[in-house]
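In my numbering, the protein residues as written are 5 to 81.
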């Protein structure tokens with residue numbers, strides 16, 4: 005299984021975790037996203053912002069709240 009670092013959750017908006025990507029690469033919509041402990045966080049549902057360092061919107065799955073994941077690094081599975 006290959007992991008790619010997506011970026012850090014910078015804030016929340018509209019019920020989504022907003023992740024600022026590390027560079028110009030970003031995961032496709034529908035990609036599963038996990039945290040550093042390999043726990044599934046959710047799925048990418050939107051990509052927006054500047055092309056050189058976009059943002060992705062992630063909808064959460066499971067029992068974690070949006071406030072709990074702000075500041076966490078996320079990875080695409």
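From the three backbone atoms N, C-alpha and C, an ideal C-beta is built for every residue, glycine too. None of the values given here were measured: they were computed from a predicted structure.
Identify which residue in the options has its Cα closest to the Cα of residue i.
| i | options | result |
| --- | --- | --- |
| residue 58 | 39, 34, 22, 44 | 22 |
| residue 36 | 65, 71, 53, 69 | 65 |
| residue 15 | 53, 34, 74 | 74 |
Could you check what DSSP says for residue i in three-state terms: helix, strand or coil?
| i | result |
| --- | --- |
| residue 33 | coil |
| residue 71 | helix |
| residue 27 | coil |
Taking the beta strand (DSSP E) that residue i belongs to, which residues open and close that run?
| i | result |
| --- | --- |
| residue 10 | 8-17 |
| residue 80 | 77-80 |
| residue 49 | 44-52 |
Does the beta-carbon of residue i have 16 or more other beta-carbons within 10 angstroms, so that it is buried, or is it exposed?
| i | result |
| --- | --- |
| residue 78 | buried |
| residue 17 | exposed |
| residue 28 | exposed |
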